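In my numbering, the protein residues as written are 211 to 503.
Even glycine gets a Cβ: it sits at the ideal position worked out from N, Cα and C.
These numbers were taken from a predicted model, which means no experiment stands behind them.
First up is the structure itself, then whatever we jot down about it.
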């Protein structure tokens with residue numbers, strides 16, 4: 211006689227219980243975001259920062275909470291890692307966004323200089339990471355110099371002027387209407403260093419504008435100064451690589467790269483003619499890492 215076995219429905223899994231977010235969790239998440247807003251702070255030199263980064267990587271609910279805090283502040287999280295810390299960039303509507311117009315107004319009363327400051331930032335980015343593989347390689351370190359960036363832009367100006375002449379375009383627009391000029395046309399008319407009795411670099415000269423750009427990037431944790439040669443030498447940081455990677459679709463940056471930048475380790479550069487394609491006017495107010503205004 212066989213034994214009758216009664217089968218019962220398997221027990222349904224109990225719903226996962228999500229731990230409630232505590233005020234302490236929220237404080238820690240906000241603390242991590244605040245560390246991310248201090249670009250010069252390195253996780254390796256701050257134990258609390260390193261601990262919060264580890265928690266972000268190992269605790270998904272905490273990571274989502276920190277991301278939410280950043281989003282609420284109008285920040286975009288680019289990467290969270292030991293090398294870059296919590297790298298964030300400001301969305302266009304964020305209170306932390308830096309406007310190109312505001313930046314230019316702090317550096318000069320001449321509204322036309324806004325084009326030059328934007329072009330300086332684009333040139334630094336193009337020279338720092340001239341190839342897609344440079345942006346993709348987390349271990350790549352770009353190097354630039356103030357004089358090298360100015361020389362690069364001036365070579366680009368000459369190349370673009372040659373193209374404009376070949377195509378019969380107007381290469382000498384009205385001097386009293388700088389807003390109608392492409393940025394490269396304004397740049398080439400500006401003195402590289404200015405003229406002072408003691409040979410000091412003028413803030414309104416093109417090397418002065420580049421110096422202002424790299425100083426801003428250094429203060430923002432994107433570059434590190436390594437020496438005084440060639441007007442000042444700088445190396446890139448992981449944060450700057452992430453910033454440029456995020457903005458790599460910029461039409462103006464792409465145009466500079468298409469001119470054929472060949473980087474050299476000392477931060478200087480030469481230009482090679484592109485294989486094909488025509489140059490387009492540089493996009494105004496497209497300087498990294500700014501938003502247009």
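Where residue 302 falls: helix, strand or coil (DSSP)
Position 92 of the chain shown, counted from the start, is the residue given in the question as residue 302. Residue state, collapsed to three classes: coil.
Query - residue 376 versus residue 398: straight-line alpha-carbon distance, rounded - result: Counted from its first residue, the chain shown places residue 376 at position 166. Counted from its first residue, the chain shown places residue 398 at position 188. Their Cα atoms are separated by approximately 18 Å.
Margin query: So, with DSSP's three-state summary, where would you put residue 450?
Written below: In the chain shown, the residue the question calls residue 450 occupies position 240. Correct three-state label for residue 450: helix.
ask   = Pick from 360, 274, 300: whose alpha carbon is nearest that of residue 286?
value = Taking the chain shown and counting its residues from 1, the one referred to as residue 286 is at position 76. The candidate whose alpha carbon is nearest that of residue 286 is 300.
field: Assigned exposure category for residue 432 - 16 Cβ within 10 Å defines buried
entry: Indexing the chain shown from 1 puts residue 432 at position 222. Per the 10 Å Cβ criterion, buried.
* To do: Use the C-beta contact count for residue 340: other C-beta atoms within 10 angstroms, 16 or more gives buried, fewer gives exposed.
  => To locate residue 340, count along the chain shown from 1; it is residue 130. By the neighbour-count rule (16 or more Cβ atoms within 10 Å), residue 340 is buried.
(message) Using a Cβ distance threshold of 8 Å, determine whether the region 260-279 contacts the region 419-439, with at least three qualifying pairs required.
(response) no
**Study point:** Pair within 9 Å by beta-carbon distance, residue 345 and residue 306
**Key:** One-based indexing of the chain shown puts residue 345 at position 135. One-based indexing of the chain shown puts residue 306 at position 96. No, the Cβ-Cβ distance between residue 345 and residue 306 is not below 9 Å.
- Message: Within 9 Å of any Cβ in chain B, is that where the Cβ of residue 248 sits?
- Response: No chain B appears in the structure shown, which is made up of a single protein chain.
Report task. Pick helix, strand or coil for residue 441, following the three-state DSSP scheme. Result -> Numbered from 1 along the chain shown, position 231 holds the residue referred to as residue 441. Helix, per DSSP.
Margin query: Using a 10 Å radius around the Cβ and a threshold of 16 neighbouring Cβ atoms, would you call residue 349 buried or exposed?
Written below: Indexing the chain shown from 1 puts residue 349 at position 139. So residue 349 ends up on the exposed side.
For residue 356, three-class secondary structure by DSSP: Translated into the one-based positions of the chain shown, residue 356 becomes position 146. Three-state result, residue 356: helix.
| query | Relative to the C-alpha of residue 454, which residue among 334, 354, 366, 441 is closest? | reply | Walking along the chain shown from the start, residue 454 turns up at place 244. It is 334 whose Cα lies nearest to the Cα of residue 454.
Nearest residue (CA-CA) to residue 442, options 450, 417, 451, 430
By 1-based counting over the chain shown, the position of residue 442 is 232. Residue 442 has its Cα closest to that of 417, out of 450, 417, 451, 430.
Check: Based on the DSSP output, what are the partners of residue 435 in its beta bridges?
Finding: As a working note, residue 435 is residue 225 in the chain shown. The partner list for residue 435 (beta bridge, DSSP) reads 444.
Checklist entry - So, helix, strand or coil for residue 372, using DSSP? => result As a first step, residue 372 must be located in the chain shown, where it is residue number 162. Three-state DSSP puts residue 372 in a helix.
So, is residue 257 buried or exposed, given that buried needs 16 or more other C-beta atoms within 10 angstroms?
Residue numbering aside, residue 257 sits at position 47 when the chain shown is read from its first letter. Answer is exposed; the Cβ neighbour count stays below 16.
message = Less than 9 Å between the beta carbons of residue 448 and residue 294, yes or no?
response = On the chain shown, residue 448 is found 238 positions in, with the first residue counted as 1. On the chain shown, residue 294 is found 84 positions in, with the first residue counted as 1. Contact flag set, yes.
Q) CA-CA distance, residue 290 and residue 373? A) One-based indexing of the chain shown puts residue 290 at position 80. One-based indexing of the chain shown puts residue 373 at position 163. For residue 290 and residue 373, the distance between alpha carbons rounds to 43 Å.
Fill in: Which listed residue (419, 415, 274) has its alpha carbon closest to that of residue 236
In the chain shown, residue 236 corresponds to position 26, counting from 1. Ranking 419, 415, 274 by Cα distance to residue 236 puts 274 first.
Pull the bridge partners of residue 258 from the DSSP assignment, please. Counted from its first residue, the chain shown places residue 258 at position 48. Residue 258 is not bridged to any residue.
**Message:** Applying the 10 Å Cβ sphere with the 16-neighbour rule, what's the burial state of residue 401?
**Reply:** As a working note, residue 401 is residue 191 in the chain shown. Burial call: exposed.
Please classify residue 230: is it buried, with 16 or more other beta-carbons within 10 angstroms of its beta-carbon, or exposed?
-> The residue given as residue 230 occupies position 20 in the chain shown. Residue 230 should be labelled exposed.
| message | Just to confirm the assignment: which complete beta strand (DSSP E) runs, minimum length 3, are found wholly within the region 256-293? | response | 285-291
Task: Own chain, CB closer than 7 Å to residue 259, minus 5 neighbours either side, in chain order - done: Counting from one through the chain shown, the residue named residue 259 turns up at place 49. Result list for residue 259: 245, 251, 253, 295, in chain order.
Under a Cβ-count criterion, where at least 16 other Cβ atoms within 10 Å of its own Cβ denotes burial, should residue 239 be classed as buried or exposed?
-> Position 29 of the chain shown holds residue 239. Residue 239 is buried by the Cβ-count criterion.
**OP:** Grab the span of the alpha helix (DSSP H) containing residue 244 for me, first residue to last.
**Re:** In the chain shown, the residue the question calls residue 244 occupies position 34. Start and end: 233-246.
Worksheet entry | Pairwise C-alpha distance: residue 284 and residue 329 | Counting from 1 along the chain shown, the entry for residue 329 is found at position 119. Counting from 1 along the chain shown, the entry for residue 284 is found at position 74. Going by the C-alpha atoms only, they are around 26 Å apart.
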